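Participant: Start counting the sequence shown at 1; every next residue gets the next number (my numbering).
All C-beta atoms, glycine included, are put in the ideal place defined by N, C-alpha and C.
Since the structure is predicted, the reported quantities are computational estimates derived from the model, not experimental observations.
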Amino acid sequence: MSKYSIDENGYYGQFGGAYIPEILRKNVVELKENYLKIINDPDFQKTFQQLLHDYVGRPTALYYAGRMSEKYGAKIYLKREDLCHTGAHKLNNALGQILLARRLGKTRIVAETGAGQHGVATATVCALMNMECVVYMGETDVKRQFLNVQRMRMLGAKVVPVTSGNKTLKDGTNEAIRDWCCNPKNTHYIIGSAVGPDPYPDMVARFQSVISKEIKSQLLEQTGRDYPDHLLACIGGGSNAAGTFYHYVDNEDVKLYAAEAAGLGLDDPKKSAATIQLGREGILHGSRSLVMMDEDGQITEPYSISAGLDYPGVGPMHAFLAKVGRTTVLPITDDEAMTAALELTKMEGIIPAIESAHAVAMLPKLKFKKDDIVVVTISGRGDKDMNTYANYFNLGE
1 MSKYSIDENG YYGQFGGAYI PEILRKNVVE LKENYLKIIN DPDFQKTFQQ
51 LLHDYVGRPT ALYYAGRMSE KYGAKIYLKR EDLCHTGAHK LNNALGQILL
101 ARRLGKTRIV AETGAGQHGV ATATVCALMN MECVVYMGET DVKRQFLNVQ
151 RMRMLGAKVV PVTSGNKTLK DGTNEAIRDW CCNPKNTHYI IGSAVGPDPY
201 PDMVARFQSV ISKEIKSQLL EQTGRDYPDH LLACIGGGSN AAGTFYHYVD
251 NEDVKLYAAE AAGLGLDDPK KSAATIQLGR EGILHGSRSL VMMDEDGQIT
301 EPYSISAGLD YPGVGPMHAF LAKVGRTTVL PITDDEAMTA ALELTKMEGI
351 IPAIESAHAV AMLPKLKFKK DDIVVVTISG RGDKDMNTYA NYFNLGE
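Structure (structure tokens):
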């Protein structure tokens with residue numbers, strides 16, 4: 001067992017666990033007792049792998065970014081999760097979880113979403129499997145990610161705008177958990193990130209680990225070795241980073257870098273979402289991790305230009321990896337992310353999601369040697385963010 005793995009009690013070091021209402025205990029225990037058996041079942045894997053290939057469009061490309069490589073003086077590769085069906089890595093996990101839910105006899109799915117990509121992925125798999133789908137989304141995000149709201153509705157999902165708090169991802173998650181508490185018998189909650197009560201962080205990481213599994217084989221084919229020197233991903237809750245790091249976490253030759261959203265900077269916690277930099281140990285949405293909170297222990301409202309990164313917590317795996325020094329976490333401001341997005345677009349013809357742009361924005365902050373192999377996960381495409389980009393860059397009529 002890896003020293004970075006989750007333990008039998010559902011903890012990464014001191015982070016993790018299952019802090020849940022009594023009404024959900026039966027569901028969560030059932031999930032914990034069965035998820036590994038189901039995931040490892042050959043019939044489950046056969047169905048899952050076939051759908052990843054035929055439906056999601058995997059393996060996604062590992063693209064050598066020639067112009068970016070020249071600029072930054074290293075061999076830079078982009079793991080193109082933006083090429084997945086629905087436009088982001090979120091579908092890997094949604095597909096795995098709905099197959100799992102079906103095995104457990106659940107007939108109804110609830111989900112939360114911020115940027116909308118997880119909501120779209122969940123609505124997509126519910127359409128595929130003919131299951132009822134309810135997605136909770138903060139009203140602020142409904143407005144700034146309206147294209148994704150329309151996609152979810154077209155797919156047959158009920159999208160519920162949440163008007164409490166900051167009306168963003170945290171508030172959508174709160175409402176999804178309330179719904180689950182009211183409907184524990186027939187409902188499975190598809191959590192979109194590597195957060196929530198045990199076993200969700202580990203389960204989501206496993207479903208997303210296809211990302212690093214593919215990077216290994218693709219790098220071997222393209223470079224003659226199966227690991228990079230530097231591996232970069234963005235972190236909100238941390239699902240794409242969990243999948244990107246999964247098969248490399250024990251290889252100390254690979255330096256792991258996580259970009260979190262610093263918003264307008266680290267000086268004012270109310271204008272940032274840099275949880276690992278600014279958070280304290282606390283409990284949020286079912287697990288112990290690092291959380292943005294005030295002196296009284298109340299959860300504070302984070303801020304980021306990215307609808308997917310403005311979450312006041314972080315997955316327990318990432319809190320642990322940062323605490324023990326396995327990952328280097330860099331705060332990336334709105335301006336740095338937007339500059340990186342435009343650079344990637346102009347130099348490689350790839351418009352990334354604003355979340356992914358945070359990972360790209362780490363490149364100018366790092367020092368590389370000429371032969372270093374660098375892999376950056378582009379977790380999603382930028383279609384959903386075009387209004388934000390257009391307003392920020394004043395792209396005009």
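Below 8 angstroms, can you find three or more Cβ-Cβ pairs linking the region 264-278 to the region 340-354?
Facilitator: Taking 8 angstroms as the limit for Cβ pairs, the verdict is that the region 340-354 does not touch the region 264-278.
Participant: Quick check on this structure: which residue in 164, 166, 142 and 168 has the alpha carbon closest to the alpha carbon of residue 158?
Facilitator: As a working note, residue 158 is residue 158 in the sequence shown. Comparing Cα-Cα distances from residue 158 to each of 164, 166, 142 and 168, the minimum goes to 142.
Participant: Straight-line CA distance for residue 39 to residue 12?
Facilitator: Residue numbering aside, residue 39 sits at position 39 when the sequence shown is read from its first letter. Residue numbering aside, residue 12 sits at position 12 when the sequence shown is read from its first letter. When rounded, the distance between both Cα atoms is 21 angstroms.
Participant: Identify every residue that forms a DSSP beta bridge with residue 23.
Facilitator: Walking along the sequence shown from the start, residue 23 turns up at place 23. Answer is none; residue 23 lacks a bridge partner.
Participant: Among the candidates 91, 261, 312 and 254, whose CA atom is the shortest distance from the CA of residue 398?
Facilitator: An answer regarding residue 398 cannot be provided, because it is not within the stretch 1 to 397 covered by the chain.
Participant: In three-state DSSP terms, what is residue 6?
Facilitator: Position 6 of the sequence shown, counting from 1, holds the residue named residue 6. Residue 6: coil per DSSP, three-state reduction.
Participant: Taking just the CA atoms, how far does residue 298 sit from residue 25?
Facilitator: Within the sequence shown, numbered from 1, the residue matching residue 25 stands at position 25. Within the sequence shown, numbered from 1, the residue matching residue 298 stands at position 298. Those two C-alpha atoms are separated by around 25 angstroms.
Participant: What's the gap between the Cα of residue 56 and the Cα of residue 85?
Facilitator: As a position in the sequence shown, residue 56 is number 56, starting the count at 1. As a position in the sequence shown, residue 85 is number 85, starting the count at 1. When rounded, the distance between both Cα atoms is 5 angstroms.
Participant: How many Å lie between residue 30 and residue 258 at the Cα?
Facilitator: Along the sequence shown, read from residue 1 onward, the residue named residue 30 stands at position 30. Along the sequence shown, read from residue 1 onward, the residue named residue 258 stands at position 258. Cα to Cα, the separation comes out at about 32 angstroms.
Participant: Pick out whichever of 125, 339, 37 and 59 has its Cα sitting closest to the Cα of residue 217.
Facilitator: Sequence index remark: in the sequence shown, residue 217 carries index 217 (1-based). The residue with the shortest Cα to Cα distance from residue 217 is 59.
Participant: Assign residue 151 to one of two classes, buried (16 or more other C-beta atoms within 10 Å of its C-beta) or exposed (fewer than that).
Facilitator: Position 151 of the sequence shown, counted from the start, is the residue given in the question as residue 151. Label assigned to residue 151: buried.
Participant: Give the DSSP bridge partners of residue 381, in chain order.
Facilitator: Taking the first residue of the sequence shown as position 1, residue 381 is located at position 381. DSSP output for residue 381 lists 352 as bridge partner(s).
Participant: With a cut-off of 8 angstroms on the beta carbons, I'd call residue 260 and residue 276 a contact; round off their distance for me.
Facilitator: For the purposes of this step, residue 260 is taken as the residue at position 260 of the sequence shown. For the purposes of this step, residue 276 is taken as the residue at position 276 of the sequence shown. Correct: roughly 6 angstroms between the Cβ atoms.
Participant: Would you call the CB atoms of residue 292 and residue 309 closer than 8 angstroms?
Facilitator: As a first step, residue 292 must be located in the sequence shown, where it is residue number 292. As a first step, residue 309 must be located in the sequence shown, where it is residue number 309. No. Outside cutoff.
Participant: What residue range does the beta strand (DSSP E) around residue 287 cover?
Facilitator: Position 287 of the sequence shown, counted from the start, is the residue given in the question as residue 287. Note, residue 287: beta strand (DSSP E), 287-291.
Participant: So is residue 280 in contact with chain D if we call contact Cβ pairs under 8 angstroms?
Facilitator: Protein chains in the displayed structure number just one, and chain D is not present.
Participant: So the beta strand (DSSP E) residue 161 belongs to, where does it begin and stop?
Facilitator: Your numbering for residue 161 matches position 161 in the sequence shown. Here the beta strand (DSSP E) through residue 161 covers 158-162.
Participant: Using a Cβ distance threshold of 8 angstroms, determine whether the region 231-251 contacts the region 354-371, with at least three qualifying pairs required.
Facilitator: Flag = yes, the region 231-251 and the region 354-371 touch.
Participant: Anyone know if the C-beta pair for residue 337 and residue 357 falls short of 8 angstroms?
Facilitator: Position 337 of the sequence shown, counted from the start, is the residue given in the question as residue 337. Position 357 of the sequence shown, counted from the start, is the residue given in the question as residue 357. Cβ distance < 8 angstroms, so residue 337 and residue 357 count as in contact.
Participant: Would you mind working out which of 165, 317 and 148 sits nearest residue 14, comparing C-alpha positions?
Facilitator: By 1-based counting over the sequence shown, the position of residue 14 is 14. Among 165, 317 and 148, the Cα nearest to that of residue 14 belongs to 317.
Participant: May I have the straight-line CA-CA distance separating residue 239 from residue 208, to the nearest angstrom?
Facilitator: Taking the first residue of the sequence shown as position 1, residue 239 is located at position 239. Taking the first residue of the sequence shown as position 1, residue 208 is located at position 208. C-alpha separation (whole angstroms): 7 angstroms.
Participant: Applying the 10 Å Cβ sphere with the 16-neighbour rule, what's the burial state of residue 312?
Facilitator: Working through the sequence shown from its first residue, we reach residue 312 at position 312. Label assigned to residue 312: buried.
Participant: Starting from residue 42, trace the alpha helix (DSSP H) in both directions and tell me its first and last residue.
Facilitator: Within the sequence shown, numbered from 1, the residue matching residue 42 stands at position 42. Note, residue 42: alpha helix (DSSP H), 42-51.
Participant: Please state if the CB of residue 314 and the CB of residue 237 are separated by a distance shorter than 8 angstroms.
Facilitator: As a position in the sequence shown, residue 237 is number 237, starting the count at 1. As a position in the sequence shown, residue 314 is number 314, starting the count at 1. Yes. Within cutoff.
Participant: Alpha carbon to alpha carbon, what distance is there between residue 247 and residue 54?
Facilitator: Your numbering for residue 54 matches position 54 in the sequence shown. Your numbering for residue 247 matches position 247 in the sequence shown. Taking the straight line from one Cα to the other gives about 24 angstroms.
Participant: Ignoring anything shorter than 3 residues, give me the beta strand (DSSP E) runs that lie fully in the region 87-116, in order along the chain.
Facilitator: You should have 108-113.
Participant: Bridge partners for residue 261 per DSSP, in chain order?
Facilitator: Counting from one through the sequence shown, the residue named residue 261 turns up at place 261. For residue 261, which the question treats as bridged, DSSP gives the partners 332.
Participant: Provide the residue span of the beta strand (DSSP E) that contains residue 168, from first to last.
Facilitator: On the sequence shown, position 168 is the one that residue 168 refers to. Run containing residue 168: none; DSSP gives neither H nor E here.
Participant: Please report the distance separating the alpha-carbon of residue 182 from that of residue 135.
Facilitator: As a position in the sequence shown, residue 182 is number 182, starting the count at 1. As a position in the sequence shown, residue 135 is number 135, starting the count at 1. Each residue's alpha carbon lies about 15 angstroms from the other.
Participant: DSSP state of residue 181, grouped into three classes?
Facilitator: For the purposes of this step, residue 181 is taken as the residue at position 181 of the sequence shown. If DSSP states are grouped into helix, strand and coil, residue 181 belongs with the helices.
Participant: Pick from 51, 123, 88 and 94: whose alpha carbon is nearest that of residue 383?
Facilitator: The residue you call residue 383 lines up with position 383 of the sequence shown. Of the listed residues, the one whose Cα sits closest to residue 383 is 88.
Participant: Name the residue from 165, 116 and 37 whose alpha carbon lies nearest to the alpha carbon of residue 104.
Facilitator: Stepping through the sequence shown from its first residue, residue 104 is reached at position 104. The option with the nearest alpha carbon to residue 104 is 37.
Participant: How is residue 80 classed by DSSP in three states: helix, strand or coil?
Facilitator: For the purposes of this step, residue 80 is taken as residue 80 along the sequence shown, with counting starting at 1. Of the three classes helix, strand and coil, the one that applies to residue 80 here is strand, per DSSP.
Participant: From which residue to which residue does the beta strand (DSSP E) around residue 74 run?
Facilitator: To locate residue 74, count along the sequence shown from 1; it is residue 74. Segment: none, residue 74 is in no beta strand (DSSP E) and carries neither H nor E.
Participant: Just to confirm, are residue 228 and residue 374 a CB contact at a threshold of 8 angstroms?
Facilitator: The residue you call residue 228 lines up with position 228 of the sequence shown. The residue you call residue 374 lines up with position 374 of the sequence shown. Cβ distance < 8 angstroms, so residue 228 and residue 374 count as in contact.
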